[in-house]
Amino acid sequence: MNVYDQAHALARSLKESQEYADYMSLKDKAYADETNRALLDEYKRLQYRMQLSVASGKRMDEDDLQRMQKIAALLQFNPDASAFLLAEFRFQKMLADIYKILAEVAGIDLDMLAGQ
């Protein structure tokens with residue numbers, strides 16, 4: 231079996247995982263409500279901007295940070311949105327664990343890349 235076949239097999243396994251099933255079903259439920267959709271989209275946009283700021287060694291704009299915190303508080307108290315965000319975190323954690331395994335085999339020091 232070649233590497234690409236194994237990568238496709240891994241992708242199928244991910245898609246068949248409970249983490250992915252939970253993520254997709256809770257995403258559909260959370261995004262069914264237009265208010266949730268708008269809040270989640272804005273939260274993710276701000277989260278991405280924060281990650282870009284951190285990666286470039288800059289501080290996030292204070293207004294954006296406060297807005298992100300306010301949206302996070304609203305989402306925390308919404309059962310559908312908070313369940314989706316938790317499922318998304320679990321799925322992303324699984325992906326990060328897999329990437330770490332692959333990086334170790336390739337000799338890539340992820341801690342060094344993260345500045346740790």
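Quick note on our numbering: the sequence shown kicks off at 231 and runs consecutively. Heads up, the beta-carbon is just placed ideally off N, CA and C, and yes, glycines get one too.
Whole-angstrom distance between residue j and residue i, CA atom to CA atom
i: Y278; j: L305; result: 17 Å
i: H238; j: A285; result: 30 Å
i: Q236; j: T265; result: 40 Å
i: R267; j: Q299; result: 17 Å
i: V335; j: Y329; result: 10 Å
i: K288; j: A311; result: 29 Å
Chain-order list of residues whose beta-carbon lies under 6 Å from that of residue i (same chain, five-residue window excluded)
i: A313; result: L256
Outcome for residue i when other beta-carbon atoms lying within 10 angstroms are tallied against a minimum of 16
i: A241; result: exposed
i: A303; result: exposed
i: I301; result: buried
Pair within 9 Å by beta-carbon distance, residue i and residue j
i: Y273; j: A317; result: no
i: L282; j: L315; result: no
Own chain residues within Cβ distance below 7 Å of residue i, not counting five before or after
i: A333; result: L340
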